[in-house]
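The structure under discussion appears below in the form of C-alpha cells.
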Amino acid sequence: MTEDAHARLRQELADLHGALVEAALVVWTAGNVSARAGGGHFLIKPSGVPYGDLTPESMVLCDLDGNPVEGQQLKPSSDVFAHAYVYRHRPDIGGVVHTHSTYATAWAARNEPIPCVLTAMADEFGGEIPVGPFALIGGEDIGKGIVETLESHRSPAVLMRNHGVFTIGDTPRSAVKAAVMCEDVARTVHLSRQLGEPFPMEQPDIDRLYDRYQNAYGQ
Ligand SMILES: [Zn+2]
43 MTEDAHARLR
53 QELADLHGAL
63 VEAALVVWTA
73 GNVSARAGGG
83 HFLIKPSGVP
93 YGDLTPESMV
103 LCDLDGNPVE
113 GQQLKPSSDV
123 FAHAYVYRHR
133 PDIGGVVHTH
143 STYATAWAAR
153 NEPIPCVLTA
163 MADEFGGEIP
173 VGPFALIGGE
183 DIGKGIVETL
193 ESHRSPAVLM
203 RNHGVFTIGD
213 TPRSAVKAAV
223 MCEDVARTVH
233 LSRQLGEPFP
243 MEQPDIDRLY
253 DRYQNAYGQ
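Residue numbers (this note's numbering): 43 to 261.
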C-alpha cells in the first residue's frame, strides 16, 4: 500500500467512526471499526478515545496478531484481538465493525437470532442474523466465535451473546453498512413482535432476494 493510499484509509476509517455516531449505533467510547491495511496489517480505533477526538492519525496500525506496530502513539481498542482473528482467518474480509447498538444487542441479551422476516433482511443478510457464543474480551475467543458462527450463515453480522454486534465486509464501509442495517432490522422485527409473531418468509423467496440484491442491485 502506498503512503497516499494509507493516508486515505486512515481518513476513511476516521470518517466511518463518525458514521457510527451519526447512525446512533454507539455511545461514549464503545464500538470500533477496523480496516485491513495490506502488508499483514490493519488499522483500528484507539482504546478509550471519545469519538469526537478521533483523527486519521489516531488510528492504530497493528499486525495480524493484534500487536501495534512500533511507533504508534496510542493503544489499540481492547477488541483488537477479535479483529485480528477475523483478518487472519478470513482473507476475503477488509473491514470489521463492533457496536453495542441498542435493539440488536437486546436480541443478543436474549441469546436469540433475528429471524429473516423482512425483504431488507433477505437482501443484506440472506437469512437470520445468528447469535455467537458468549466470550470474554481480550483473548481470541470473540474472534473465534465470530468466524465459526458466520461460517454457516450468509449474514455479515453476528450477535455475540450477552455482548453486542460484530459485522464484517469486503471493505470497512460495507461492514459499517451491515452494522447500520443490522440495527435497523433488529428494531423493526422487535416492534413487530410486540403485537404478535412476525410472519415467516419462504426460503426460496429469501434466496431470490439475496441473489438479486448481492448481484444485480445498484449502479
Ligand atoms: Zn463490546
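Don't be surprised by glycine CBs; every beta carbon is placed ideally from N, CA and C. The model shown is predicted, which means the values in this text are computed figures rather than measured ones.
- For the pair of segments examined, the stretch 154-173 was found to touch the stretch 243-259: the number of CB pairs separated by less than 8 Å reaches three.
- Beta-carbon to beta-carbon, Ala151 and Asn204 are separated by about 6 Å, close enough to satisfy the 8 Å threshold.
- Non-local beta-carbon contacts of Pro242 in its own chain, meaning distances under 6 Å to residues more than five positions away in sequence, are absent.
- One alpha carbon belongs to Phe84, the other to Pro157, and they sit about 33 Å apart.
- Contact annotation: Thr209 and Val111 have beta-carbon atoms that are not nearer than 9 Å.
- Under the 10 Å beta carbon count, Asn257 is surrounded by fewer than 16 other beta carbons and is classified as exposed.
- In the three-state reduction of the DSSP assignment, Asp226 falls in the helix class.
- Residue pairing of His83 in beta bridges, as defined by DSSP: Gly80 and Asp105.
- Counting only runs of 4+ residues, the alpha helix (DSSP H) found wholly inside the stretch 142-201 occupies 144-151, 161-167 and 183-193, in chain order.
- Residues close to ligand 1 by the beta carbon criterion (under 7 Å to any non-hydrogen atom) are, from first to last along the chain, Ala72, Asp121, His140, His142, Ile179, His205 and Gly206.
- In the same chain as Asn74, and ignoring 5 residues on each side of it, the C-beta atoms closer than 7 Å to its own belong to Ile86, Lys87, Ser119, Asp121 and His140, in chain order.
- Shortest Cα-Cα distance from Met202 to any of Met223, Tyr129 and Leu192 involves Leu192.
- Glu154 is positioned such that its CB atom lies no closer than 9 Å to that of Lys219.
- Going by C-alpha positions, Leu178 is about 33 Å away from Arg50.
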